[in-house]
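Chemist: Take a look at the following structure, please.
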Amino acid sequence: MGIGESSGLENMPEKTSKARELLDEFRTVAGNVGLLDTIIPPVLFLALNGWMSFQAAMVGSLGLAVLIAVLRLSRKQSLFYALAGMSSVGLAIALAYLLGRSEGYFLPDIVNSGLVIGLSVVSLTIHKPMVAWTSFLARRWPLDWYWHELVRPAYTEVTLAWIIFFALRLFWQVTLFRGNDIGQLALVNTLSGWPATIILLIVSYLYGTWRLANLGGPSVEEFRNHVPPPWQSQRRGF
Numbered sequence: 003m004g005i006g007e008s009s010g011l012e013n014m015p016e017k018t019s020k021a022r023e024l025l026d027e028f029r030t031v032a033g034n035v036g037l038l039d040t041i042i043p044p045v046l047f048l049a050l051n052g053w054m055s056f057q058a059a060m061v062g063s064l065g066l067a068v069l070i071a072v073l074r075l076s077r078k079q080s081l082f083y084a085l086a087g088m089s090s091v092g093l094a095i096a097l098a099y100l101l102g103r104s105e106g107y108f109l110p111d112i113v114n115s116g117l118v119i120g121l122s123v124v125s126l127t128i129h130k131p132m133v134a135w136t137s138f139l140a141r142r143w144p145l146d147w148y149w150h151e152l153v154r155p156a157y158t159e160v161t162l163a164w165i166i167f168f169a170l171r172l173f174w175q176v177t178l179f180r181g182n183d184i185g186q187l188a189l190v191n192t193l194s195g196w197p198a199t200i201i202l203l204i205v206s207y208l209y210g211t212w213r214l215a216n217l218g219g220p221s222v223e224e225f226r227n228h229v230p231p232p233w234q235s236q237r238r239g240f
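Quick note on our numbering: the sequence shown kicks off at 3 and runs consecutively.
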């Protein structure tokens, strides 16, 4: 290796720091919401429905949801998440039973995709992008900071990306639901659930922080302290 050539080792601390930053930020946003609540019960429902019966699938997935809730409580995690996970599975089972179709189990996820799209479109119409609201709820930064003319565009653009993602997800879900393809529907719901959402959050964060820096608006602290321009801009957190 000649003089001036790079081994790439000098970039390792920076990459490690960015990875740690992403992990910290994901924990901040996701809080105590676990993957068990959203991934394992549907998988068990699908397995029991195929191997045993519809009734066994309902009882098994609901029992698992209750077990996960008990585990959360035993670990002194939030009661809200324990009840939310159990309630979502209970609602899914109730819809499947009322419709008399196994696909009904996945109907709440389909409705949720539609709600996200609708809320996102409305938020852009009133110039209060939904991603800004989700960030505010997680971080409690000053709400007026999000509406600053050199901050809001970043949240608007990321909200548009969310609309595209959930629109594609909804189209896929509805197509499979109407086709009574429970196996494919379960696979799509699982892959486009937490795995895809984690990727969406990572991309949103990386683009959002880059966009905030390029917009040149105030950081949260500069906004709070009424610092006049030029600003350093928000470099971490979105």
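Note that beta-carbon positions come from the ideal geometry of N, C-alpha and C, so glycine has one too.
Report, in whole angstroms, the separation of the C-beta atoms of Val118 and Phe168, which I expect to be a contact under 8 Å.
Modeler: 5 Å
Chemist: Please confirm whether Ala192 and Pro44 have their CB atoms less than 8 Å apart.
Modeler: A small correction: the amino acid at residue 192 is Thr; Ala does not occupy that position in the sequence shown. Going by C-beta atoms, Thr192 is nearer than 8 Å to Pro44.
Chemist: Is there a Cβ of chain B sitting closer than 8 Å to that of Ala58, yes or no?
Modeler: Absent here is chain B; the protein component of the structure consists of one chain.
Chemist: Give the secondary structure of Asn227 by DSSP, where H, G and I count as helix, E and B as strand, and everything else as coil.
Modeler: coil
Chemist: Tell me the residue span of the alpha helix (DSSP H) that contains Glu105.
Modeler: Segment: none, Glu105 is in no alpha helix (DSSP H) and carries neither H nor E.
Chemist: Beta-carbon within less than 7 Å of Ile165's beta-carbon, same chain only, minus the 5 sequence neighbours each way: which residues are those?
Modeler: Contacts found: Ile119, Ser122, Val123.
Chemist: Pull up the distance between the alpha-carbon of His129 and that of Leu145, whole angstroms please.
Modeler: 13 Å
Chemist: Count the other CB atoms within 10 Å of the CB of Asn34; is the residue buried (16 or more) or exposed (fewer)?
Modeler: Interpretation of Asn34 is limited by its pLDDT of 45, a score under 50 that renders its predicted location unreliable; the figure taken from the coordinates is listed afterwards. Looking at its Cβ environment, which holds fewer than 16 other Cβ atoms inside 10 Å, Asn34 is exposed.
Chemist: Using three-state DSSP, classify Val160 as helix, strand or coil.
Modeler: helix
Chemist: Which complete alpha helix (DSSP H) runs does the region 139 to 188 hold, if anything under 4 residues is left out?
Modeler: If we require 4 residues or more, the alpha helix (DSSP H) runs fully inside the region 139 to 188 come out as 145 to 148, 154 to 180.
Chemist: Kindly indicate which three-state DSSP category Gln57 falls into: helix, strand or coil?
Modeler: helix
Chemist: Looking only at C-alpha atoms, which of Glu105, Gly239, Trp233 sits nearest to Val176?
Modeler: Glu105
Chemist: Cα-Cα, which of Asn51, Ala215, Phe240 is closest to Ala140?
Modeler: Phe240
Chemist: Name the two residues that bound the continuous alpha helix (DSSP H) containing Trp196.
Modeler: 196 to 217
Chemist: So, is Trp212 buried or exposed, given that buried needs 16 or more other C-beta atoms within 10 angstroms?
Modeler: That one is exposed.
Chemist: Take Trp147 as the anchor and find which of Arg226, Leu46, Ala96 has the nearest alpha-carbon.
Modeler: Arg226
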